[in-house]
Structures are given as C-alpha cells and as structure tokens.
Amino acid sequence: MLWLCLHFRHLPMEALSGAEPADYPIVITEAGRIMRRNRLARQDGIHDGMSVAAARAMTIGLREWAHCPDRERRMLEQLATWAGQFTSRVSVLAPRSLLLEIGASLHYFGGLEPLRQRLHDALTTLGHQAAPGIAPTPTAAWLLARHGDTTPITDASALADRLASLPVTRLDLPARIQKALKGLGCQTIGDLRAMPRDGLRRRLGQALLETLQRAHGERADPRMDWKPPAQFRARIELPAETTDRQQLQPGFSHLVDALCGHLQRLDAGITRLHFRLHHNDRPATPLRVGIMTPSRDRERLMALLEQQLAQCQLTTGAQAISLKAGRLQPLTGQSQDLLGDATENNTAAAWQRLVEDLDNRLGQGRVRALSVREEHRPEHAWQYAEPGQGRGNGGQTPRPTWLLPQPAVLESHDGRPHYHGRLILEHGPERIESGWWDGQDVSRDYYLAASPTGERLWIFRERRGARGWYLHGLFA
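Residue numbers for the sequence shown follow the UniProt record's numbering, so the first one is 1 and each next one is one higher.
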C-alpha cells in the first residue's frame, strides 16, 4: 500500500470561506492570543502567539474569529467526502489531516506524479493549501506531511533513513513527554530510535513506542474509512457578514466543488441543489438550482447558480452558506451513436439548456411541462409536470396541441359543422364516454376536421340532448 497524507496547516483560516480570505486582515484567536492570521494581517506585522490587544493596536479594521474546532471538523469532513474521487479509501485524521490510500489509484491516474498534480490542482481550485506526505505507512505519511516534506517514500526499506532526521515535535506529543525528550537530549526521531526500547517504554510509555513502530511498518496501522453521509450536506462560514455577491462567490464555489467531487466518486449526478444564505437576525434566504437531467458539470451548475444570485436581493448580510443536494441519481449515457445525428443531439442539448435557464431565471414552478394522464375525457387527460418529465400519448389517436378552456359551440347547417365555412371531416368518429363516477360524465363523438382556410380542428358532436357540434382543440 501507498499512503498520501494531506495536512491542512491553515485549516482554521480556510474553514471560514473555503479559502484564505484576502480582502481584509483576519485573525483566529484562542485564549486571548493569535492562533492564525491571513496574509494582510501578516503584512501588518501580526504573528501567531501575539496578544489580541497588541494585534488590535497594530492594524485598522481587524476581523476576529474565535477558534472553533467544530467548524474545522465540518470542513475536514467535507474535504474527506470530496477526496473520495481520488481513492475509495479516505480516513479523517483529526484535527487537520486526511489520509488517502492511493496504491490502488495509481494505474487509473497514470502514475504517482499525475495523481499528485491532479490533487494539487483540485485543492488549488478549492482554495486550500496542503503539502502531501507520501509513504508506505499512514503514520509515516502523516509525519512527512506535518514536516512539509513532499519527496515521496515509495520503498519501505527507506523509511528508517528518511524518518530519522525528522524532529520529534512532528509526533505531536503531549507537553509532558516533549519536556522529557528535551531533558534526554532527543531532538529527532532517529535519536528516539537509538534508545533501548525497554528504556523508552519505561520512561515515555508504550504509546510512543507503538507510534514509532507503526511509522516504520513494524506494527499494524489500521485506519477507519470515512463514510460520506447518505445525503450531501455542507456548510461554510463567511469571514464577515456581506451582501456583496463577489464576496459570496468563493463560498458557493467551494460548496459546488465539494459536491462535484462527491458525485465523481459515486459516478452520480444531481438535478436539484438547495442553497441557503444564513443571516444573524432573520430567516435564511433560499436559492434553488434545478436542471432537467442528472449532471455533475461544475461549470453548468455554477452558471445556473449565478443566474439565481443575480436575481437575489440581499438586504441583510449573510454570515454562512449551506448546501443540501437533492436525491443523487445515476448518470445516463450521453455518448452519441456511431450513426447518430450530431446536429440533432446539439439541438436537444441547446433546448434543454434553454429550459433550465428559464426555470432558474423565472423561479421555481414557473416553467412546466405537460403530461398525459390515464383519463379518457380530454379536459382531465393532462397534468403539469416538471420540465423534462412530461409524457406523451404514446402514439395513440392524435390529440391537438391546444385545447380550448371550454368547448366552443359551432354553427351547423343541415347537420354539418361550420367554421369559416363547411368543415371536412377527415378522421372519426372516436367515441368517448366516461366520467359517470364523478358526475361529470360525457358522451361524445370526436372528429379531426379541416376548415376551408386550412386549419385542422378537433371537434365533437354530443350524443345526448340537442346533439350539437363543438370545437374543442386546434392542431398546430
């Protein structure tokens, strides 16, 4: 096996918006001290460990966020779900690392270097920074990543030499053990390995010895695979409340990227995305993105989302964005037949995009399809459906494109119907008798008729009462 560890050193800051905010100085604080700061805060001379009071005195407009482990955990879990597109085995290593078993993925991606480049490019798109550590054991990969050593170890026999020079501080040990190691003069993992095992166990405990053994492949190092939730849900905090669409963009982009990575892993698509902009003092603002057929096309989803944002009037600043995906669906085959008509396929795709654009611009429920029902009476034989979900009559007796809201009385002469002149009956009669159970029963003979002016009409004659003629629909 070959393990790749991603250590997100800047996760406390990146968890705010999916990328390190760059428009104003921001700090993450803990116990009155600066824990992390962004680029603008660094430029103002703020450093980790500085008191919050001193930082406030050094810069104008400083934005402060308290350290929130739960926020970082949510972001790390979202990244774990996203990373599933690169391997089926992803483990969360709290508080800021992910482990990916990539040995089985190398052939698919064309080798280690192409995989590493794909991973780097995808992380950059998300707005994250993480130096990958690569080694035959998960603990060794984690140590390399924490140290920022990106040179892979692919041969287990090289583990001891490569790990020997790493400082013991990379082991993330309790303060008590770090103090003891300093007293013993142990500065590197090599120094620790040189100590007698019995003495190491007696002085520093069994746990440290086992960690070293796992790192060097001398002890089993099982890892629990991350199981994504059945329904994709994600939330991202914003660095500051804002009504500016440009400042909202990185958060939306991060959520869509995470979703597409999840869909890639499952070879699935989506037709509905439900976003919510969360405010401090009012209910959340919903945004819905809908498409006709399942997709995980990031550019298409973002384009439709931008249409929704353009219509959204935010009067109160948003402080967070959440995304809940609708039901995941398998992707239908999109490939063209060898003898297929490319123009026809392109036309269908263009038509689908037009309907999607209209649906997203006009609002939910404004664009609808028509679908037939299992009903003989024409007035009740149709219903509204979601775009793309309409169902035709399956090649049965032709039905008109337009049905009048109410049948219109036709003139008749000598028992023959007239509409701009005498009508020619081209097809019929088709007898429809139905509806006795609900008090709206009908008994009619329907005909397809042509007028002297060339119109094609759908008419009927009542079989009861005065036996009059009526116009019920028009063919296109």
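Note that beta-carbon positions come from the ideal geometry of N, C-alpha and C, so glycine has one too.
These figures come from a predicted structure and were not determined experimentally.
- Can you list, in chain order, the residues of its chain whose CB lies under 6 Å from that of S434, leaving out five sequence neighbours each side? H376 and R377
- Quick one: residues in its chain with C-beta nearer than 7 Å to the C-beta of T343, no 5 flanking neighbours on either side, listed in chain order? Low confidence applies here, because T343 scores a pLDDT of 47, under 50, leaving its location unreliable; read the following figure in that light. Contacts found: none.
- Counting only the same chain and skipping the five closest in sequence on each side, list residues whose C-beta sits under 8 Å from that of residue 479. Beyond the ends of the chain as shown, which are 1 and 476, falls residue 479; an answer cannot be given.
- Query: Hey, how far is the Cα of I321 from the Cα of H278?
  - Reply: 6 Å
- Query: Can you give the beta carbon distance from I177 to L204, rounded, assuming they're within the 8 Å contact cut?
  - Reply: 6 Å
- CA-to-CA distance, L331 to L338, given in whole angstroms: Note on L338: pLDDT 37, under 50, position unreliable in the model; the coordinate value appears next. Roughly 20 Å between the two C-alpha positions.
- Task: Return the CA-CA distance between R373 and Y446, expressed in angstroms with no decimal places.
- Result: 19 Å
- Within 9 Å, strictly: CB atoms of L79 and S91: no
- Bounding residues of the alpha helix (DSSP H) (the contiguous stretch that carries E379): It is not in any alpha helix (DSSP H) - E379 carries neither H nor E in the DSSP assignment.
- Query: Name the DSSP bridge partner or partners of K324?
  - Reply: R233 and H274
- Look up L403 in the DSSP assignment and give the residues it is bridged to. G473
- Based on Cα-Cα distance, which residue from E379, E455 and H427 lies nearest to P405? E379
- Message: Bridge partners for G290 per DSSP, in chain order?
- Response: R272
- When we look at the beta-carbon of I153 and count the other beta-carbons within 10 Å, is it buried (16 or more) or exposed? buried
- Which of helix, strand or coil DSSP assigns to C186: coil
- Query: Three-state secondary structure (DSSP) at A342?
  - Reply: Confidence in A342 is poor, its pLDDT being 44 and thus under 50, which makes the residue's placement unreliable; the coordinate value appears in the next sentence. Here A342 sits in helix by DSSP.
- Query: Going by Cα to Cα distance, which pick from T242, M35 and Q307 is closest to G317?
  - Reply: T242
- Task: Identify which residue in A31, G32, T29 and Y24 has its Cα closest to the Cα of D44.
- Result: Y24
- Best match in R201, A180 and R288 for proximity to D359 [C-alpha to C-alpha]: R288
- Query: Quick one: Cα of G199 to Cα of G183, how far?
  - Reply: 14 Å
- Item | Neighbourhood of R118 by C-beta distance below 7 Å, restricted to the same chain and skipping five residues each side | F109
- Message: Helix, strand or coil for F460? Go by DSSP, reduced to three states.
- Response: strand
- Could you spell out where the alpha helix (DSSP H) holding V168 opens and where it closes? From DSSP, V168 is part of no alpha helix (DSSP H); its letter is neither H nor E.
- I think P138 touches W226, with their Cβ atoms under 8 Å apart; what is that distance to the nearest whole Å? Contact doesn't hold; Cβ gap of about 13 Å is too wide.
- With DSSP as the reference, label V256 as helix, strand or coil. helix
- Message: Run through the DSSP bridge pairs and tell me what S88 is partnered with.
- Response: None; S88 has no bridge partner.
- Task: Report the option in F475, R170 and Q231 whose CA atom is closest to the CA atom of A268.
- Result: Q231
- Apart from the five residues just before and just after D48, which ones in its own chain have a Cβ nearer than 6 Å to its Cβ? I34
- Determine the DSSP secondary structure at M1, reduced to helix, strand or coil. coil
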